[in-house]
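Here the structure is laid out as structure tokens; the discussion comes afterwards.
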Ligand code: TRP
Ligand code: ZN
């Protein structure tokens, strides 16, 4: 599912991404309506040029897999339903998972080649623009996490008694073939088979009552995410878990923690409910049909806002972190990114949610928090990167993205005033629900609601590696 937000915004954007498809190569087949050409190998993201692919738009992923923690063996079939957006002679998926057994397109064997992270699929017949097609990829072996010096460990992460997937920004390809760009959202079905006695969780809700079997010592759990989701937010968790099921604001709240984390995470269920209720008041209607959280010993030292149900590593149980990951459900998950260099739109708003939560729960005001950070001297390392374009390795820079991202949000609040600011939060999440945005879209909306020209403010806070004047 590809959805663009307002075209007007393109004119305002300072940090706009150009999509540069690879040159179209004439192909073997052609029809009256134009030549069949290969889809491009990337979508032009400046930080991740290989991630995502051109020529089609995914509507749904069905990921069926069986995992045996003892041997670390994964056997999987992923079925993709997509729509061609040009006449395709072949197309790419992103895939860095284990050995492929076969690839089928529309039920017929297709030839394929693996080149780096690209899985190049050549179907028997060209795929006409506008037509829906299915791709089925079967693969088996031991999946591996992706280790990046700047971005940490992502993808398929083995745990003592199972595995958990965390894939921001480009770890999805470690466990399923995917159009791995945040702008191609899709719905998902997960059919996960694991040894009896283990629990399986994923995004969304369990289908029917969720679990089938046992058969041969395994059980199958089916989970569905029925709202559009970016690939990096897709998650499964397999292992021993203590699960709590409840209801918050009329929807399921499903939380789980590894039993060895009971002390640290016993408040996860209640804190999740409290944060969701408060955030729905500030940010507007919650965008998904269930919530929750999962805590496990991962050794990655971060939490991730996996859609509908964030994942927390050991040591990440504090209330502000839970508020942060759940704020991402609005900022980052529902309102998604078109380009990774706008990552501050995710992290700045999620971090600002922590400041606001404090402010409204007896802690320091956001103004006070802002003032503390503003004490950093001009010329210091704190101001070194550009918040609106930090570079691939700066994507998760604490100062440039998390702190200065939140400071940018606060600077906007100071400029447009509380009433317009809180209207902006709700309008932004409402108008861009289940869609993707750019920084230009935010500037356009803030200018529309405030009637002010905000170019200088955003330029100073986002596109200068220097301390802005107040
Ligand atoms: N997006 C996560 C959060 O802020 C953090 C995160 C994901 C992260 N991947 C990372 C942080 C890699 C550092 C490195 O909630
Ligand atoms: Zn975050």
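Residue numbers (the numbering used here): 886 to 1355. Glycine residues also receive a C-beta, built at the ideal position from the N, C-alpha and C atoms.
When the Cα of residue i is compared with those of the options, which residue comes out closest?
| i | options | result |
| --- | --- | --- |
| residue 1226 | 1202, 1194, 1275, 1148 | 1275 |
| residue 1175 | 1147, 1151, 1186, 1211 | 1211 |
| residue 935 | 1159, 1322, 1063 | 1063 |
| residue 1127 | 1118, 1148, 1117 | 1148 |
| residue 1179 | 1169, 1168, 1201, 1032 | 1201 |
| residue 1122 | 1101, 1083, 1001 | 1083 |
| residue 1014 | 967, 1135, 1056 | 967 |
| residue 1091 | 1099, 1237, 1076 | 1076 |
| residue 1125 | 937, 1163, 1024, 954 | 954 |
| residue 1057 | 1098, 946, 1313 | 946 |
| residue 919 | 974, 956, 942, 926 | 974 |
| residue 1137 | 1119, 1197, 1162 | 1162 |
| residue 1098 | 1029, 1113, 1240, 1081 | 1081 |
| residue 1177 | 1069, 1129, 1236 | 1129 |
| residue 1118 | 951, 1214, 1101 | 1214 |
| residue 1279 | 1010, 1024, 1033, 1060 | 1033 |
| residue 1314 | 1112, 1253, 1221, 1266 | 1221 |
| residue 923 | 978, 965, 932, 959 | 978 |
| residue 1053 | 1272, 932, 1173 | 932 |
| residue 1073 | 965, 1254, 993 | 965 |
| residue 1114 | 1217, 1026, 1209 | 1217 |
| residue 985 | 928, 992, 1060, 1341 | 1060 |
| residue 948 | 938, 1277, 1029, 1120 | 1120 |
| residue 1045 | 1039, 1037, 957, 1069 | 957 |
| residue 1368 | 1040, 944, 1324 | For the chain, the structure presents residues 886 to 1355; residue 1368 sits outside this window and is missing. |
Could you compute how far the alpha carbon of residue i sits from the alpha carbon of residue j?
| i | j | result |
| --- | --- | --- |
| residue 995 | residue 1019 | 11 angstroms |
| residue 854 | residue 1022 | Within the shown structure, residues of the chain are numbered from 886 to 1355, placing residue 854 beyond reach of any answer. |
| residue 1223 | residue 1066 | 8 angstroms |
| residue 900 | residue 1285 | Residue confidence is low: residue 900 scores 35 on pLDDT, short of 50, so the model does not pin down where it sits. Its coordinate-derived value is still stated next. Cα-Cα distance, rounded: 16 angstroms. |
| residue 1185 | residue 1035 | 13 angstroms |
| residue 1071 | residue 1260 | 43 angstroms |
| residue 1087 | residue 1336 | 43 angstroms |
| residue 940 | residue 971 | 5 angstroms |
| residue 844 | residue 1107 | Limits of the chain in this structure are 886 at one end and 1355 at the other, which puts residue 844 out of reach. |
| residue 1345 | residue 1351 | 8 angstroms |
| residue 1166 | residue 1003 | 43 angstroms |
| residue 1219 | residue 1001 | 31 angstroms |
| residue 1303 | residue 1233 | 18 angstroms |
| residue 1318 | residue 1140 | 24 angstroms |
| residue 1268 | residue 1242 | 25 angstroms |
| residue 1154 | residue 1197 | 13 angstroms |
| residue 1354 | residue 1292 | 12 angstroms |
| residue 976 | residue 1007 | 7 angstroms |
| residue 1262 | residue 1281 | 22 angstroms |
| residue 998 | residue 1005 | 5 angstroms |
| residue 1142 | residue 1194 | 12 angstroms |
| residue 1096 | residue 1104 | 7 angstroms |
| residue 959 | residue 1181 | 20 angstroms |
| residue 1042 | residue 1287 | 25 angstroms |
| residue 951 | residue 1296 | 49 angstroms |
| residue 930 | residue 1101 | 45 angstroms |
| residue 983 | residue 1333 | 49 angstroms |
| residue 981 | residue 1169 | 38 angstroms |
Could you pull the start and end residues of the alpha helix (DSSP H) that residue i belongs to?
| i | result |
| --- | --- |
| residue 1299 | 1289 to 1301 |
| residue 1115 | First-last for residue 1115: undefined, no H or E at that position. |
| residue 960 | Residue 960 -> not in any alpha helix (DSSP H); beta strand (DSSP E) instead, spanning 958 to 969. |
| residue 976 | Segment 973 to 979 is the beta strand (DSSP E) holding residue 976; no alpha helix (DSSP H) there. |
| residue 1001 | No alpha helix (DSSP H) holds residue 1001; DSSP gives it neither H nor E. |
| residue 1348 | Residue 1348 -> no alpha helix (DSSP H), and no H or E assigned at all. |
| residue 1197 | Unbroken run through residue 1197 is the beta strand (DSSP E), 1196 to 1198; no alpha helix (DSSP H). |
| residue 1243 | 1228 to 1244 |
| residue 1260 | Unbroken run through residue 1260: none, as it is neither H nor E. |
| residue 1148 | 1147 to 1150 |
| residue 1159 | 1153 to 1168 |
Which residues does DSSP pair with residue i in a beta bridge?
| i | result |
| --- | --- |
| residue 1091 | 1108 |
| residue 1041 | 1050 |
| residue 1086 | 1122 |
| residue 1340 | Answer is none; residue 1340 lacks a bridge partner. |
| residue 1138 | 1131, 1176 |
| residue 1322 | 1222 |
| residue 945 | 966, 1072 |
| residue 1028 | None, per the DSSP bridge assignment. |
| residue 951 | 960, 1078 |
| residue 1356 | The structure shown has nothing for residue 1356, since the chain only spans 886 to 1355. |
| residue 1254 | Paired residues: none, contrary to the question. |
| residue 1007 | 996 |
| residue 1203 | None; residue 1203 has no bridge partner. |
| residue 1188 | 1197 |
Should residue i be counted as a contact of the ligand NAD given a C-beta to heavy atom distance under 8 angstroms?
| i | result |
| --- | --- |
| residue 941 | This structure lacks the ligand NAD; its bound ligands are the ligand TRP and the ligand ZN. |
Query raised in the report: What residues sit near the ligand ZN, counting only those whose C-beta is closer than 5 angstroms to one of its heavy atoms, in chain order?
Result: Sorted by chain position, residues whose beta-carbon lies closer than 5 angstroms to a non-hydrogen atom of the ligand ZN are 1232, 1235.
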